[in-house]
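Peer 1: One structure follows; several queries about it will come next.
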Amino acid sequence: MKILYLVNMDPQNKTGLFNATHKRIKLNNNKVDSEKYCVNFYDGIVLKILKKILKKKIYQKEGEFFIYEDIKYRKLFLKNTLTKKVLEKLGLDFLVYLEVILRNKMKIREFDIVSAHWGHTQGSLAYYIKRFLGIPYTLTLHGSDIHTMPKQSMNLKKVILRNLEYADRTIFVSEYLKKEARDIGYCGDNFAIIYNGIDREKFYPVCSKKKSELRTNFGLQGYIVGYIGNLVEVKRVDKIPQIYKELNEITDEEFTFLIIGDGDLKQEMKQNFNKIDAKFLFTGKVAPQEVIDYLSVMDVLILPSRQEGLGSVLLEAQACGIPVVGSGNGGIPEVIIDKTCVIKDDQYFEEKFAEKISSILKNKYSVNLSNDWLNNFDWDRNSDKELNLYMDIINEK
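The numbering used here puts the last residue of the sequence shown at 407; the count rises by one with no breaks.
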């Protein structure tokens, strides 16, 4: 069996989507023959000139590949032109993909199956490879490609639904994402639920001595309330300073908010923290091993997202014995062990979120991992399930 992976991975942003996709590929890398292509757009000359005038972001070719943990991801570039953009709006998006498929058809025909990660553009390229060359594909949906992108435009919604329905298997990383797909019109029975997992060799409870040493190294004192992720609106990080304020009003304990990640709302968050004289630390983006160390010093991890495909950071925190508090949105309730730590999204959200954090800090809450929970989020088990699914599809041909 030879697999062609089409992925949406930014090596400069090794966060949730990057790590989840990479881990799925890595676990089966030595079991099958495969090649991995990161699909990127670059702008044609006319589009570059227009974007420069309008002060819009210009996409260019940058490097031919990148390597992460000994796995090589080649870059596959699709040319963006004004003509193609207009045709795509008219529903004639095959012209965006036809050129690259025809140019590489001999190479593509070497593969038995395509594994596309992301509803569109990766899903659309896989769709047309099947249409033109007859190679089956799976489409793995990770989050925003279902709960956000289809709501941005009717045309994008139609394209993503087409890719879902035509896939030989549609893989959702949570029950919630399947429900969201149903809500936007997906009616197929070609789906599977395969959760992301936990790397138990990396994420486990550390002893109190190690935790104390890490706190000293990071210059942290008191209780640590942590957040790990992108600093963007969908994660509701704009409300984290308000959660701090609510917590500060109901507890006499010393605490610091530790924010790991980067994004558009970073400066706004800092300003709002400073307005309330908060104790906080922003680390920016950090290396994966540093993330593990920072996670280990936390007393509670929070994820107040407005939308969330699954919330892998919640899995990792609980595996480390760190209590978590999350919103009731997306796949978050599926991964939080203690359902009292799932906070309903209403007008009292920030207040109730702070109350739960306070309760955890006061009562020295501990995490109990059940066998059922561990089995649901076991990477080896779930990667075997995915590999067997590929083999079933190939045998059905």
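Beta carbons: idealized from backbone N, C-alpha and C, even for Gly. Just so it is clear, the structure is predicted and the values come from calculations on it, not from any experiment.
Using the Cα positions of G341 and F290, report the straight-line distance between them to the nearest angstrom.
Peer 2: Residue 341 sits at position 331 when you count from the first residue of the sequence shown. Residue 290 sits at position 280 when you count from the first residue of the sequence shown. Their Cα atoms are separated by approximately 28 Å.
Peer 1: Looking at C-beta atoms only, is the number of pairs between the region 144 to 156 and the region 167 to 187 that lie closer than 8 Å three or more?
Peer 2: Yes, the region 144 to 156 is in contact with the region 167 to 187.
Peer 1: Let me check one thing: in DSSP terms, what residues is N50 bridge-paired to?
Peer 2: Here residue 50 refers to the residue found at position 40 when the sequence shown is read from its first residue. Paired residues: F87.
Peer 1: Under the three-state reduction of DSSP, which class applies to F363: helix, strand or coil?
Peer 2: Counting from 1 along the sequence shown, the entry for residue 363 is found at position 353. DSSP places F363 in helix when its eight states are reduced to three.
Peer 1: Please report the residue range of the alpha helix (DSSP H) in which G301 lies.
Peer 2: Looking up residue 301 in the sequence shown gives position 291. Just to set this straight, residue 301 is Val in the shown sequence, not Gly. Its alpha helix (DSSP H) spans residues P298 to S306.
Peer 1: Would you give the residue range spanned by the beta strand (DSSP E) that A202 belongs to?
Peer 2: Locating residue 202 in the sequence shown gives position 192, counting from the first residue. From DSSP, the beta strand (DSSP E) with A202 extends over F201 to I203.
Peer 1: Ignore the nearest five residues each way along the sequence and tell me which others in K366's own chain have a CB closer than 7 Å to its CB.
Peer 2: One-based indexing of the sequence shown puts residue 366 at position 356. The answer, listed in chain order, is V335, C351 and I353.
Peer 1: Suppose the cutoff is 7 Å on Cβ atoms and the five residues either side in sequence are ignored; what does the same chain contact list for N339 look like?
Peer 2: Counting from 1 along the sequence shown, the entry for residue 339 is found at position 329. Excluding residues within five positions, the ones whose Cβ falls inside 7 Å are S315, R316, Q317, E318 and D355.
Peer 1: Determine the closest residue to L187 out of A177, F201 and D178, with distance taken between C-alpha atoms.
Peer 2: Translated into the one-based positions of the sequence shown, residue 187 becomes position 177. The option with the nearest alpha carbon to L187 is F201.
Peer 1: Name, in chain order, the residues that DSSP records as bridge partners for T148.
Peer 2: To locate residue 148, count along the sequence shown from 1; it is residue 138. Note: T148 sits in a beta bridge opposite S125 and R179.
Peer 1: Shortest alpha-carbon distance to F213 belongs to which of K372, V183, R141 and A329?
Peer 2: Against the sequence shown, residue 213 aligns to sequence position 203. When only C-alpha atoms are compared, the closest one is A329.
Peer 1: At the level of alpha carbons, what is the spacing between T91 and F363?
Peer 2: What you label residue 91 is simply residue 81 of the sequence shown in a count that begins at 1. What you label residue 363 is simply residue 353 of the sequence shown in a count that begins at 1. Cα to Cα, the separation comes out at about 47 Å.
Peer 1: Flag this pair as touching only if the region 263 to 274 and the region 227 to 245 have three or more C-beta atom pairs under 8 Å; answer yes or no.
Peer 2: The answer is yes - the region 227 to 245 touches the region 263 to 274, with three or more Cβ pairs under 8 Å.
Peer 1: Whose C-beta lies closer than 8 Å to the C-beta of T266 among residues of the same chain, with five residues either side of it excluded?
Peer 2: Taking the first residue of the sequence shown as 1, we reach residue 266 at position 256. Closer than 8 Å at Cβ, skipping near neighbours: L230, Q231, G232, Y233, I234, V235, K289, F290 and L291.
Peer 1: For N165, I'd like the list of residues in its chain whose CB is within less than 7 Å of its CB, leaving aside the five on either flank, ordered along the chain.
Peer 2: As a first step, residue 165 must be located in the sequence shown, where it is residue number 155. Counting only Cβ-Cβ distances below 7 Å, and skipping sequence neighbours, we find K99 and G101.
Peer 1: Check whether the Cβ of E45 sits closer than 6 Å to any heavy atom of the ligand ZN, and report yes or no.
Peer 2: This structure does not include the ligand ZN; it has no bound ligands of any sort.
Peer 1: Output yes or no for whether 7 Å exceeds the beta carbon distance between S306 and L224.
Peer 2: Translated into positions along the sequence shown, residue 306 becomes position 296. Translated into positions along the sequence shown, residue 224 becomes position 214. Cβ atoms of S306 and L224: closer than 7 Å.
Peer 1: Taking the C-alpha atoms as reference points, what is the distance between Q22 and S376?
Peer 2: Walking along the sequence shown from the start, residue 22 turns up at place 12. Walking along the sequence shown from the start, residue 376 turns up at place 366. Near 35 Å, if we compare the C-alpha coordinates of S376 and Q22.
Peer 1: So which of Y205, T180 and R210 has the shortest CA-CA distance to D199?
Peer 2: As a first step, residue 199 is located in the sequence shown; it is residue number 189 there, counting from the start. Of the candidates Y205, T180 and R210, the one whose C-alpha sits nearest the C-alpha of D199 is T180.
Peer 1: What is the rounded straight-line gap between the Cα of W383 and the Cα of E300?
Peer 2: Along the sequence shown, one-based indexing puts residue 383 at 373. Along the sequence shown, one-based indexing puts residue 300 at 290. When rounded, the distance between both Cα atoms is 26 Å.
Peer 1: Am I right that E360 and Q252 are in contact with their C-beta atoms under 8 Å? What's the rounded C-beta distance?
Peer 2: Here residue 360 corresponds to residue number 350 of the sequence shown, with the count starting at 1. Here residue 252 corresponds to residue number 242 of the sequence shown, with the count starting at 1. So it is a contact: roughly 5 Å between Cβ atoms.
Peer 1: From the DSSP output, in three-state form, read off I139 for me.
Peer 2: By one-based count along the sequence shown, residue 139 stands at place 129. Helix at I139.
Peer 1: Count the other C-beta atoms from every protein chain shown that fall within 10 angstroms of the C-beta of A177, then say buried if there are 16 or more, exposed otherwise.
Peer 2: Taking the sequence shown and counting its residues from 1, one reaches residue 177 at position 167. Looking at its Cβ environment, which holds 16 or more other Cβ atoms inside 10 Å, A177 is buried.
Peer 1: If you draw a straight line from the C-alpha of H130 to the C-alpha of V169, how long is it?
Peer 2: Translated into positions along the sequence shown, residue 130 becomes position 120. Translated into positions along the sequence shown, residue 169 becomes position 159. C-alpha separation (whole angstroms): 8 Å.
Peer 1: Ignoring anything shorter than 3 residues or poking outside the region 174 to 254, list the beta strand (DSSP E) runs there in chain order.
Peer 2: If we require 3 residues or more, the beta strand (DSSP E) runs fully inside the region 174 to 254 come out as 179 to 182, 201 to 203 and 233 to 238.
Peer 1: Going by Cα to Cα distance, which pick from L143, I63, E185 and G195 is closest to K161?
Peer 2: Mapped onto the sequence shown, residue 161 falls at position 151. Nearest of L143, I63, E185 and G195 to K161, Cα basis: G195.
Peer 1: State buried or exposed for C217, treating a residue as buried only when at least 16 other CB atoms are found within 10 Å of its CB.
Peer 2: The residue given as residue 217 occupies position 207 in the sequence shown. Per the 10 Å Cβ criterion, exposed.
Peer 1: Curious, which full-length beta strand (DSSP E) runs of at least 3 residues does the region 68 to 116 contain?
Peer 2: Counting only runs of 3 or more, we get 75 to 78 and 81 to 90.
Peer 1: Count the other CB atoms, across all protein chains shown, that sit within 10 Å of the CB of N208; report buried if there are 16 or more and exposed otherwise.
Peer 2: By 1-based counting over the sequence shown, the position of residue 208 is 198. Per the sequence shown, residue 208 should be read as Ile rather than Asn. The residue in question, I208, is buried, as its Cβ has 16 or more Cβ neighbours within 10 Å.
Peer 1: Taking E264 as the reference, which of I35, I118 and K372 has the closest Cα?
Peer 2: Within the sequence shown, numbered from 1, the residue matching residue 264 stands at position 254. The shortest Cα separation from E264 among I35, I118 and K372 belongs to K372.
Peer 1: Taking the C-alpha atoms as reference points, what is the distance between D20 and K12?
Peer 2: Taking the first residue of the sequence shown as 1, we reach residue 20 at position 10. Taking the first residue of the sequence shown as 1, we reach residue 12 at position 2. Answer to the nearest angstrom: the Cα atoms are 24 Å apart.
Peer 1: May I ask you to report which of helix, strand or coil DSSP gives V56?
Peer 2: Position 46 of the sequence shown, counted from the first residue, corresponds to residue 56. V56 falls in the helix class under three-state DSSP.
Peer 1: Note the first and the last residue of the continuous beta strand (DSSP E) segment covering S337.
Peer 2: If you number the sequence shown from 1, residue 337 lands on position 327. That run of the beta strand (DSSP E) goes V334 to S337.
Peer 1: Quick one: using the 10 Å Cβ neighbour count with 16 as the cut-off for buried, is P298 buried or exposed?
Peer 2: Sequence index remark: in the sequence shown, residue 298 carries index 288 (1-based). So P298 counts as exposed.
Peer 1: Per DSSP, F352 forms a beta bridge with which residues?
Peer 2: Within the sequence shown, numbered from 1, the residue matching residue 352 stands at position 342. With the sequence shown as reference, residue 352 is identified as Val, and Phe is not the correct amino acid for it. For V352, which the question treats as bridged, DSSP gives the partners G336.
Peer 1: Just verifying my parser: in three-state terms, what is the DSSP assignment at K24?
Peer 2: On the sequence shown, position 14 is the one that residue 24 refers to. Coil.
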